[in-house]
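**Student:**
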Amino acid sequence: MEDEAAVIYGLELQSRSLAALAAETDTVCFLVGTQSLKCDNQIHVLVYNEETNSLSKAVYIHSAGELWHLACSPTDRTLFSSCYNEITKAGKCEMQAAIWKLPEVPVVGDLSPPDDGLASLPRLEKVTHLDTQNYGSEVPRVLWEPTEGRKLVSLVNNNVLMWDLASSGTLATLTGCITVELKGNPKLTCTAWNPHQSCTLVAAAVDTGIKAFDLRSMQQAWQIEGAHGQLVRELDFNPNRQYFLASCGDDCLAKFWDVRNPSAPAVTLSDHSHWVWSVRYNHFHDQLVLTSSSDSRVILSRVASVSSEPFGHLVDDDEEGGDEHKEKKCEKDGVIATYEEHEDSVYAVHWSTADPWLFASLSYDGRLVLNRVPRTEKYRILL
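Once you know that position 350 of the sequence shown is 350 in the UniProt record's numbering, the rest is easy, because the numbers rise by one and skip nothing.
Structure, rendered in structure tokens:
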């Protein structure tokens, strides 16, 4: 049986921000943000219909500015954060961050796409603004605490800011700041929230290194110096196995670290030919990892050796031999599939939170592609 064809959705504007609707576990849903200097930017809410293998859309105006990053609440399907550029009254372009509310929760079949004219598109409700002005002008990331979604972390220049979000979601209170002091004051580029150990640890990339901070003591917990030969672009913690972190960067590599032994990566993938912008663990089967790159490719890899299931299913020995013992079948690390539907830099890739075998990728030219894990690999894992 052949794999289903990829689903391709095109946006008229350039785009680089993508997020899965994390609180939605029944419907495959993604948010895409545009990046235009000439007109109002948009949030596209895309819902996948498995029966027709197609996407429905709802489009909203994000009037604040060009979008650089999106993240969704893990508990409220209507709340998400955005990092965006905004022109101030003084005529300066500064990065800001805010929490927004979708007018309604999307449902398959209920989306009636509005006219493409901007005048007919509804505007998003800004729930609260994260005031970071006193800490710097660069806000590349806002992340939600992975389980309860009542706390936020934002990166501002060389600062990690902690926020408490009111139960109504209408007020964010700044509760702490960690300043990373290094020679030259390099800015933080990306961050990841450790889902283990009661979500008390956050990692952030600064230049070519990675630093982790304990949010209880507000102190550095560990660091990986020179994690990459060039700038670190993205981080992701293994959701099912403690102490393991994935990173990628401008050295064309994706690396997997046991943070208890940070002197060298446990696994290195070198399958891309240009900057690697995104690396993502599958939330259910963490041996599956996605990477996307400026080489316009998305690669699905098997990294079983550092996963929570380093060996596949148990295989019975030859029954005729009478040996009642079972041996473990070791799965080899390597590329499972390469996806080449994009023609521009692929800045983001995300797994669906509703279907563990489906993922979306987004390239700068506004092309979003939905793909699936090959059936052969799916059955290898399940059977």
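A virtual CB, placed ideally from N, CA and C, is assigned to each residue, including glycine.
A quick note: this is a predicted structure, and the numbers were derived from the prediction, not measured.
So the beta strand (DSSP E) E86 belongs to, where does it begin and stop?
**Tutor:** Segment 79-87, the beta strand (DSSP E) holding E86.
**Student:** Would you mind sorting residue 449 into buried or exposed? The rule is 16 or more other CB atoms within 10 Å of its CB.
**Tutor:** The displayed coordinates of the chain run from 1 to 383. Any statement about residue 449 would go beyond what the structure contains.
**Student:** With DSSP as the reference, identify every bridge partner of Q42, one or two as the case may be.
**Tutor:** In the DSSP output, where bridge partners are listed per residue, Q42 has I61.
**Student:** Which residues mark the beginning and the end of the alpha helix (DSSP H) in which R380 is found?
**Tutor:** R380 -> alpha helix (DSSP H) spans 375-382.
**Student:** For I95, does the count of other Cβ atoms within 10 angstroms reach 16, so buried, or fall short, so exposed?
**Tutor:** Before going further, note that residue 95 is Met rather than Ile in the sequence given. The residue is buried, with at least 16 neighbouring Cβ atoms inside 10 Å.
**Student:** Which residues share a DSSP beta bridge with V298?
**Tutor:** In DSSP, V298 forms a bridge with S292, Y339.
**Student:** Applying the 10 Å Cβ sphere with the 16-neighbour rule, what's the burial state of M162?
**Tutor:** M162 is buried by the Cβ-count criterion.
**Student:** DSSP three-state call for Y48: helix, strand or coil?
**Tutor:** In this structure, Y48 counts as strand in the three-state DSSP scheme.
**Student:** Could you check whether the segment 219-235 touches the segment 252-267, counting it as contact only if at least three pairs of C-beta atoms, one from each stretch, sit closer than 8 Å?
**Tutor:** With a cut-off of 8 Å, the segment 252-267 and the segment 219-235 count as touching, because enough Cβ pairs lie within range.
**Student:** Alpha carbons only, please: which of E309, R302, T34 is nearest the one belonging to T376?
**Tutor:** Of the listed residues, the one whose Cα sits closest to T376 is R302.
**Student:** Within the same chain, show all residues whose beta-carbon is closer than 6 Å to that of V369, passing over the 5 residues directly before and after it, in chain order.
**Tutor:** Answer for V369: A6, I8, E341, S361, listed in chain order.
**Student:** Could you say which of F213, Y243, F359 lies nearest to N261 if we only look at CA atoms?
**Tutor:** Taking only the C-alpha atoms, the option nearest N261 is Y243.
**Student:** Are the Cβ atoms of V156 and G136 separated by less than 8 Å?
**Tutor:** Cβ atoms of V156 and G136: closer than 8 Å.
**Student:** Quick one: what's got a C-beta closer than 6 Å to E145's C-beta in the same chain, skipping five residues either side?
**Tutor:** Excluding positions up to five away in sequence, the list reads K151, C199.
**Student:** Please return the same chain residues whose Cβ sits closer than 6 Å to the Cβ of P186, not counting the five positions on each side in sequence.
**Tutor:** The residues are V206, D207.
**Student:** What did DSSP end up calling Q133 once you bin it into helix, strand or coil?
**Tutor:** Here Q133 sits in helix by DSSP.
**Student:** H350 and R297 look like a contact to me (Cβ under 8 Å); what is the Cβ gap, rounded to whole Å?
**Tutor:** Their Cβ separation, rounded to whole angstroms, is 16 Å, which puts H350 and R297 out of contact at 8 Å.
**Student:** Just how far apart, CA to CA, sit S217 and S15?
**Tutor:** Using only the alpha carbons, I get a separation of about 38 Å.
**Student:** Give me the Cα-Cα distance between D286 and W357, rounded to the nearest whole angstrom.
**Tutor:** Cα to Cα, the separation comes out at about 12 Å.
**Student:** Let's see if you can read the secondary structure: which residues bound the beta strand (DSSP E) around R216?
**Tutor:** No beta strand (DSSP E) contains R216, which DSSP labels as neither H nor E.
**Student:** Using a Cβ-Cβ cut-off of 8 Å (strictly less than) and excluding sequence neighbours within five positions of E181, which residues of its own chain qualify?
**Tutor:** Contacts found: N158.
**Student:** Please determine, among L269, S345, Q219, the residue with the shortest C-alpha to C-alpha distance to V306.
**Tutor:** It is L269.
**Student:** Taking the alpha-carbon positions, what's the W68 to S308 distance?
**Tutor:** Rounded to the nearest angstrom, the two C-alpha atoms are 32 Å apart.
**Student:** Per DSSP, which one or two residues make a beta bridge with D344?
**Tutor:** D344 pairs with nothing; no bridge assigned.
**Student:** Here's the rule I'm using: 16 or more other beta-carbon atoms within 10 Å means buried, otherwise exposed. How should N134 be labelled?
**Tutor:** Exposed.
**Student:** For a test of your reading of the model: does the CB of S54 fall under 7 Å from any non-hydrogen atom of the ligand NAP? Yes or no.
**Tutor:** For the ligand NAP, the structure offers nothing, since it holds no ligand at all.
**Student:** Sort out for me which residues DSSP pairs G209 with in a bridge.
**Tutor:** In the DSSP output, where bridge partners are listed per residue, G209 has V206.
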